[in-house]
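Heads up, the thing below is written out as C-alpha cells.
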Amino acid sequence: MGNSHATTIATAPFADQRPGTSGLRKKVQVFEQRHYLENFIQSIFDALDGYQDATLVVGGDGRFYNREAIQKILKIAAANGVGRIVIGQSGILSTPAASALIRSLKAFGGIVLSASHNPGGPHGDFGIKYNVANGGPAPEKVTEAIYARTREITSFKIVESQDVDIDRLGETMIGDMRVHVVDSVANYQALMQTLFDFDRIRDAFRSGLTLKFDAMSAVTGPYARVLFEKELGARPGSVINAIPLPDFGGHHPDPNLVYAKHLYDLAMSDAAPDLCAASDGDGDRNLIIGRSRFVTPSDSLAILAANATIAPGYRRGIAGIARSMPTSGAADRVAERLGVPLYETPTGWKYFGNLLDAGLVTICGEESAGAGSDHVREKDGLWAVLFWLDILAARKESVDAIVRQHWTTYGRNYYSRHDYEEVASDGAHALIEALRNQLPSLEGQCFGALQVAKADDFAYHDPVDGSDSKHQGLRVIFTDGSRIVYRLSGTGTAGATLRVYIECFEPDPARQYMETQAALADLITLSRDLAEIERYTQRAAPSVIT
Ligand code: G1P
Ligand code: ZN
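Sequential numbering of the sequence shown, starting at 0, is according to numbering that gives the first Met the number 0.
Right, here's the structure in full:
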C-alpha cells in the first residue's frame with residue numbers, strides 16, 4: 000500500500016486552536032469534534048518543513064483519547080510522507096521519555112499527547128504538543144505558524160487503513176511509512192543510568208532506605224516500577240497507583256499538597272518512609288516530601304543544584320542555573336556561591352531550551368513542581384526523585400537534615416503560591432490591567448514595614464536568540480527582598496486562573512522554622528489588597544494554596 004492511498008478530505012478551520020504554554024489543551028469533547036484533531040495535526044505538518052522521510056516520535060500519558068488520537072496521527076503522518084514513526088508501547092511515553100527518545104533517535108521532532116496534570120477521562124482534558132529536534136517544546140515562532148495554519152486550513156490528508164496494533168513491540172507499515180513500537184521505558188532508563196549512581200542507591204535500599212512513590216494512575220507507573228522496584232530494589236509496593244488509567248482513576252494527577260494530601264499525611268505520620276514522592280499525569284512534575292519535611296519545589300531546585308556534583312552525571316559541576324521568574328530566589332543564592340550564572344526566565348519550560356542548548360545552564364526549575372537538566376528538554380519528575388535518592392544515598396542523612404542544613408548555609412526563602420482558579424476571565428484580565436497601570440506609582444511606597452523597591456511587568460530578553468517576551472507577570476519587589484508576583488495561568492481550560500506568588504527571605508536560622516503561611520501573613524494580606532482581588536474576582540480567598 001503506498002501513499003497513493005492517501006485521501007484528501009475537505010475541512011473548515013476552527014477558531015480556537017492556538018497552542019498555549021504547553022501545546023493545544025482542551026476538553027476531550029472539543030477534541031472529539033469532527034476533524035478537530037485532524038485539522039490540528041495537518042496544520043502541524045503544513046507549518047513544518049523537512050519531515051518527509053524523517054523520524055517522528057509519538058506517545059502520550061495514556062489518558063482518555065490517547066489511543067484514538069495516535070491512530071489518527073499515524074494515518075495523517077503517513078499521508079503527509081513522514082518516513083518513520085516511533086511510538087511507545089500502548090501509546091505510552093512520559094513527556095521526559097519522549098524528549099529523551101527524540102534526542103537519542105535524532106528524530107525530526109515528536110508529538111506528545113497529554114494535558115499534563117489536568118484531570119483525564121471523557122469529561123477531562125486532552126492535549127497535543129509538538130516538540131522539535133532538541134526534544135523540547137516547539138518555540139513560539141513554530142507554534143504561531145501552526146496556529147496561523149489552523150486558521151486557513153481547507154483540507155487534510157489521511158491514509159485509509161486498518162488501525163496499527165500499538166500494543167505489540169516491533170515494526171509495521173502504514174502506507175509507505177514505517178511504524179516502530181518500542182518499549183516505553185528502556186531508552187529513558189538507560190539515560191538515567193548515566194546520570195545517577197544506581198549501585199549506591201541500590202545499596203541504600205538494601206540498607207533500609209524506604210520510598211513511597213505515587214504514580215497517580217498516570218504515566219510514570221511503568222517507569223517507576225522498573226526503575227525503583229526492579230532496578231534499584233525498593234521494596235515491592237513502594238510504587239503505588241502504578242497502572243496508567245484513561246481517567247487516572249478519577250483522581251487529579253497533580254502532585255501538590257492538595258491532590259497528594261495522602262502522601263503528605265503519610266510523610267508526617269509515624270509510618271513515614273524516608274522519601275515520599277509523586278509525579279503528574281505526563282511525568283514531568285515532581286513532589287518531594289521527606290519524613291516530616293515537605294520540600295518546596297523552589298527549595299528542591301536549590302538543593303539539587305547545591306548537591307549536584309554528588310551525582311555522576313554532574314560530577315564536573317554545573318554551568319549555570321535557570322529558574323522561572325515566579326520561582327523563589329533560593330537557587331540564586333546557590334548560583335552565587337558556586338560562582339555560576341543564574342537566569343530568570345518567563346514561566347514555561349520552553350524558555351529554558353535555548354539556555355540548555357547553548358550550554359549556559361545545566362539545571363533548571365520552576366516553582367510549579369518542575370525540575371530538570373540538560374539531559375532532556377522537558378522537566379522530569381522521575382529524574383528529580385532519582386536525584387534525591389542519590390543524594391540521600393550519598394549523604395546518608397534525612398531529607399529534613401539536608402533541608403535544614405541548606406537553610407542554615409544559604410538562608411530560607413519562605414514561599415507560597417495562591418491560586419484563584421476558574422474565576423471569570425473578564426475580571427481577571429481587568430485586575431491585571433489595573434495593577435499594571437498602578438505599578439509605576441507603587442515604587443517607593445510603604446505598606447507597614449514594607450517598602451516597594453521596584454514594581455514592573457516582567458519582560459525577558461533571550462540571550463541566545465535575541466527574542467523578547469513581554470508581559471510575563473507583574474512583580475512587586477520590596478527593599479528587604481520580599482516579593483509578590485501576579486500572573487494569569489496559560490494552561491487552564493475553563494475561565495481564568497490568577498496566580499499570586501508570595502515570598503520573603505529569612506537569613507536568621509532562629510527564625511527559619513515558622514509555618515509558611517504565618518511567616519508570609521503580612522505579604523499575603525497585602526497581595527490581596529494591592530490587587531483588589533476580591534473586588535475583581537469575587538473571591539475572598541484562593542482555591543488552592545501550595
Ligand atoms: C503552569 C505552571 C508553569 C508550567 C506549566 C506547564 O503554567 O505555572 O510553571 O510550566 O504549568 O506545566 P500556568 O498555568 O501557570 O501558565
Ligand atoms: Zn506535566
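Ideal placement from N, C-alpha and C gives every residue a C-beta, glycine not left out.
In this structure TRP382 is in contact with GLY371, their Cβ atoms being roughly 6 Å apart against a cut-off of 8 Å.
DSSP places MET176 inside the beta strand (DSSP E), whose first and last residues are 176 to 181. CA-CA distance, ASN240 to ALA454, rounds to 44 Å. Beta bridge pairing from DSSP links SER323 with THR344. Judged by DSSP in its simplified three-state form, ASP521 adopts helix. In this structure, TYR419 places its C-beta atom within 8 Å of the C-beta atom of ARG538.
Residue state for THR171 is assigned as strand, using DSSP reduced to three classes.
Fewer than three beta-carbon pairs drawn from the segment 132 to 141 and the segment 25 to 35 are found closer than 8 Å, and the two stretches are therefore not classed as touching. Per the C-alpha coordinates, the member of SER415, THR361 and PRO508 positioned closest to ARG322 is THR361. DSSP places GLU514 outside any alpha helix (DSSP H), giving it a letter other than H or E.
Taking 7 Å as the cut-off, one finds no heavy atom of the ligand ZN near enough to the beta carbon of ARG62. The segment 311 to 329 makes contact with the segment 296 to 303; the number of CB pairs closer than 8 Å reaches 3 or more. Its Cα nearest to that of GLN192, the residue GLY312 stands out among VAL56, GLY312, GLN511 and PHE247. For PHE39, the enclosing alpha helix (DSSP H) begins and ends at 35 to 46. At least one heavy atom of the ligand G1P lies less than 7 Å from the C-beta of TRP348. Placement of the Cβ of THR20 at a distance of less than 7 Å from at least one heavy atom of the ligand G1P is found.
As computed with DSSP, HIS460 is found in a beta bridge with ASP467. Bridge pairing for ASN412: PHE504 [DSSP]. In terms of Cβ geometry, LEU100 and LEU112 do not form a close pair [threshold 8 Å]. The closest CA to that of GLY109, considering only TYR50, PRO254 and PRO506, is found on TYR50. Per DSSP, reduced to three states, the secondary structure at VAL402 is helical. Taking a contact to require three or more Cβ pairs closer than 8 Å, the segment 406 to 417 and the segment 501 to 512 qualify as touching.
Between the ligand G1P and the CB of THR490, the shortest heavy atom gap is smaller than 7 Å. Within the segment 60 to 120, the complete beta strand (DSSP E) runs of at least 3 residues fall at 83 to 91 and 108 to 112. In the three-state scheme derived from DSSP, where H, G and I count as helix and E and B as strand, ALA9 is classed as strand. With a cut-off of 7 Å, the C-beta of THR94 is classified as near the ligand ZN, since at least one heavy atom of the ligand falls inside that distance. At a Cβ-Cβ threshold of 8 Å, ARG24 and GLY126 count as neighbours.
Sixteen is the threshold: since fewer than 16 other Cβ atoms of the shown chains lie within 10 Å of the Cβ of TYR512, the residue is exposed. According to the DSSP assignment, LYS25 belongs to the beta strand (DSSP E) that extends over 23 to 26.
Here ALA318 is actually not in contact with PHE195; their C-beta atoms are around 19 Å apart, not less than 8 Å. If you draw a straight line from the Cα of ALA518 to the Cα of LEU104, it comes to about 49 Å.
Under DSSP, PHE477 shares a beta bridge with VAL451. Only residues of its own chain outside the window of five on either side were considered, and among them TYR350, ASN353, ASP467 and SER468 have a CB closer than 8 Å to the CB of ASP461, listed in chain order. For PHE63, same chain residues with a beta-carbon under 8 Å away, outside a window of 5 residues either side, are VAL27, GLY119, GLY120, PRO121, GLY123, PHE125, PRO245 and ASP246 in chain order. Taking a contact to require three or more Cβ pairs closer than 8 Å, the segment 210 to 222 and the segment 255 to 263 qualify as touching.
In terms of CA proximity to MET176, ILE72 leads the group TYR129, ILE72, HIS470 and ALA189.
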